[in-house]
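Worksheet for the structure shown next.
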Amino acid sequence: MLPEGAAEGAAGGAPRRRRVLTVGDGDLSYSLALARALGDSLSLTATVLPSAEELCQTYASARASLDELSSRGVAVLHGVDATRLEHAGLGVHDDVVFNHPHLGPSLFHDAPAHAARHAALLAHFLLSASRVLAAGGRVRLTLCGNQPQAWAVESSASRLGLRLLSRRAPAAWGGGIAPPLEEWRAARRYRNGALGSKHWLGKYGYAHRRCEGDGAMDVEGAEEFVFCAAEEWTAPPPPPPPCCEACALSFESEEELARHGALTRPDDFSAPRAWVCEATGRTFASAYALQTFTRQREAEAQREAQREAQREAPAAEARPPPAEAAEDVALEPLRRVVPSGGAGQRLSRWVRLEGFPSQLPSKKYAEGAIKQGRVRLGGEAAEGARVLAAGDVVELLHDPRAVLRCECAVGVELVRVEAEAAVAWKPVGLRACGDFAATLQGALRTLLPAAEGEGALACAVPLSRVEIGCGGLCVAARTDGGVARLDGKVRHAFVALAHGRLPEEWRRGGVEVRFTPLPFQPQRMKRRAARKAARGEAAGGEGSARAAAAAEEEEEEEEEEEARGEEGGDEPEEEAAAAKEEAGGACAAALSAWVEAVEVTAPDSPLALSTVRFTSDALRGRLCGDLCYFLRAAGFPVVGDRYAKRESRRLPRCCASLKAKLQVGCYGVCAPLVAGGPDEWVRRPIPARLLASHWDALAREAAASEGSRTVP
């Protein structure tokens, strides 16, 4: 509820209290927070479906909320069905509010049935709310995640004569008329976004709860939909009876219609828990909970079986090669003397962090080297738990070719090999450079034989610096001449799946664009680091609790400002430039790239997606982050971008797999791979997951299937 809309002018000019009806308010914390924030400017009526006794048994804070609401003169009505408001004698209201409607988890295991059930709930609620709405009134409905798409809220509202006025995050709202008191505040996780939303009424005590009890509920991507009655609307002809007016569905009998109406009734949480795990005897509140627990137990059993198989593997596989074979595998002895600062440390920790960090970059590789006997203390193999003393001599028999049984080579593929250069496919999760385990360079040492002739390198050096989180084609030099000839001259063609439909000029052969490399440390990170340091200083002296609380309050306000900034778009250019200059010195010069549309979905498609190709010779191919930033600023964020969660949430259920990772990769490199030869393109076919046409076909098929399916 917007504070500025709380009071309206009546016919005589005097303010009139706005009539507000809250529906399905759970523990009544929203109604109470609204009454605290806006006080006497509202005529508030709170409604819930359970009786007072059932409500107090379900929520620990319900009794206190009921008492305070009563003392504030707020009417609380029990047994009110959100789908039959017109039959409860409520009168008309200026605002009807329903936050996070949910019927319970009974059909979680069947996603289509779960979505159909809640789509029916929203349709019946919207029809009922429109019948108790005063002239010029508003229906306010808050949903989260992909619920708006899965539950078809906008299509239901349009069919029932409601027009969408706004759709925005609750955090964008302002404060109340009365300042919040310290004792009113909800727990911090309900105010700082830890549960996915920062509602402005959290300062007044609003804490969203599950419908079955006091458990916290993650409402990532919460949005409030505000509807009003459409000015010009003609009701469509009703389907033949017996029919459901809200869902516009016809049924063969009255019994089927009654079963359809029962869909909108919530789960009975007072019923005994009948879902029992036969293996453990544990009881669960729903079939979905039992199914989830069973899957977890099966996955844990599989992991334990794998661990047992590893423990029972032949000892020969874990042992190093015989000593006499050390010359054959070219083990390189590396020695370090333990300084005084390393005294008292365990061997496994010291060799990884201080002794040989380049050769043993992780705990996994350090433990592997110790098990293989390649780490020695005083000339003998030692256990990782040995405690070191100052002056100890630690030796590592470094085996670059083995690289722990070539684990780093998994997923690496040689695409083309020439005398001075090679092109390889780097999978996601692999670093490009570094002559040690878990890098593309380490994998090439194993997969690619050393070059011959003058200037040959012992190991091919990747000239493409594609980021760890991005897979793609990479060019590597095999000789000194290849490095001098190709370094900084390789063009990389990245392909990404982006939200939205690209502009027309990008579709007509492409366009050259200018972009600025991302700074090392964003301005927001520096502000948060400064606030953290300020809180640390505030916690040291007298009055620390008050200072820390003030710093915390300031942080919340700045976070809300940042959230509003994200709602409205990017920072102004002057602020962005200042942030870059403060974060990393003077802004780097703008670089050029060629951007073209590969595929764009049609206007009548249920999806607005585009496949875009981004080609540039800048930054040695380290362009994934800059590509994402450029497209995000242009209004076409890459699918899977963590800074474009709102766009990802609006994807239909058939595209759920797209949210798992960033949908971008390098699928083309261009360079003179042969000395004296022309530039040549080496390309890899674009996978279906990056093609807009692939997801367009899936979405159309899903929409057709959804349209043909009848609601049970």
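The sequence shown: position 488 = 488 (this note's numbering), numbered continuously.
All C-beta atoms, glycine included, are put in the ideal place defined by N, C-alpha and C.
Query                                                                                                                                                                              : Result
Could you tell me the distance, in whole angstroms, from the CA atom of L69 to the CA atom of R700?                                                                                : 49 Å
With R140 and E220 assumed to form a contact (beta carbons below 8 Å), what rounded beta-carbon distance in angstroms separates them?                                              : Contact doesn't hold; Cβ gap of about 20 Å is too wide.
Exposed or buried, what is K363 when buried is set at 16 or more other beta-carbons lying within 10 Å of its beta-carbon?                                                          : exposed
Could you check which residue in L347, A421 and G411 has the C-alpha nearest to that of E395?                                                                                      : L347
Could you tell me if P687 is buried or exposed, where buried requires 16 or more neighbouring beta carbons within 10 angstroms of its beta carbon?                                 : exposed
When DSSP builds the beta bridges, which residues end up paired with D679?                                                                                                         : Answer is none; D679 lacks a bridge partner.
Please report the distance separating the alpha-carbon of R43 from that of E53.                                                                                                    : Here residue 43 turns out to be Ser, not Arg, going by the sequence shown. Rounded to whole angstroms, S43 to E53 spans 25 Å at the Cα level.
In angstroms with no decimal places, state the Cα-to-Cα distance between V403 and Y365.                                                                                            : Note on V403: pLDDT 46, under 50, position unreliable in the model; the coordinate value appears next. V403 and Y365: Cα-Cα distance of roughly 9 Å.
Need the endpoints of the beta strand (DSSP E) that H78 sits in, please.                                                                                                           : A75 to H78
Quick one, which of A157, L619 and D480 has its alpha-carbon nearest A675's?                                                                                                       : D480
How many Å lie between G379 and Q359 at the Cα?                                                                                                                                    : 19 Å
Distance check for C211 and P50, CA to CA, integer angstroms please.                                                                                                               : 11 Å
Apart from the five residues just before and just after G543, which ones in its own chain have a Cβ nearer than 6 Å to its Cβ?                                                     : Annotation note: pLDDT 41 at G543 (below 50); position unreliable, no value reported.
If the criterion is Cβ atoms closer than 8 Å, does the pair E497 and Y667 meet it?                                                                                                 : Here residue 497 turns out to be Leu, not Glu, going by the sequence shown. No; because the gap between Cβ atoms is not below 8 Å, this pair is not in contact.
Taking the alpha carbon of H199 as the reference point, which residue from E467, G73, G625 and S29 has its own alpha carbon closest?                                               : S29
How many Å lie between F614 and G635 at the Cα?                                                                                                                                    : 15 Å
I'd like to know whether the C-beta atoms of S592 and S616 end up nearer to each other than 8 Å.                                                                                   : yes
Name the one or two DSSP bridge partners that T479 has.                                                                                                                            : A456
Output yes or no for whether 8 Å exceeds the beta carbon distance between A422 and R491.                                                                                           : no
Just to confirm my understanding: we take H102, look at its own chain, exclude 5 residues before and 5 after, and list those with CB closer than 7 Å. What are they?               : C211
Nearest by alpha-carbon distance to L619: which of H499, S250, A660 and R465 is it?                                                                                                : R465
Is any non-hydrogen atom of the ligand ADP found closer than 7 Å to the C-beta of C228, if you look at the structure I gave you?                                                   : Ligands in the displayed structure: none, and consequently the ligand ADP is not present.
Kindly indicate which residue of A590, A279, R18 and E300 has the alpha-carbon position closest to the one of L138.                                                                : Before going on, a small fix: residue 138 reads as Arg here, not Leu. When each option's Cα is compared against that of R138, the closest is R18.
Specify whether the segment 113-131 and the segment 79-97 touch according to this definition: at least 3 beta carbon pairs, one from each stretch, less than 8 Å apart.            : yes
Compute the Euclidean distance between the alpha carbons of C628 and P637, then round it to the nearest angstrom.                                                                  : 7 Å
Do the segment 177-187 and the segment 160-168 meet, that is, are 3 or more Cβ pairs less than 8 Å apart?                                                                          : no
Taking the straight line between their C-alpha atoms, what separation do you get for E512 and R632?                                                                                : 17 Å
In angstroms with no decimal places, state the Cα-to-Cα distance between R131 and C228.                                                                                            : 12 Å
Specify the secondary structure class of D67 as computed by DSSP and reduced to three states.                                                                                      : helix
Please report how far the alpha carbon of D268 lies from the alpha carbon of F284, in whole angstroms.                                                                             : 14 Å
Less than 8 Å separating the beta-carbons of A460 and A476?                                                                                                                        : yes
Fully enclosed by the segment 100-158, which alpha helix (DSSP H) runs are 4 residues long or longer?                                                                              : 111-130 and 147-150
Only counting the same chain, and skipping five residues up and downstream in sequence, which positions put a Cβ closer than 7 Å to that of R265?                                  : none
Could you name the residues of the same chain whose beta carbon sits closer than 6 Å to that of A389, not counting the 5 residues immediately before and after it, in chain order? : A343
Which word fits T47, buried or exposed, when buried means at least 16 other C-beta atoms lie within 10 angstroms of its C-beta?                                                    : buried
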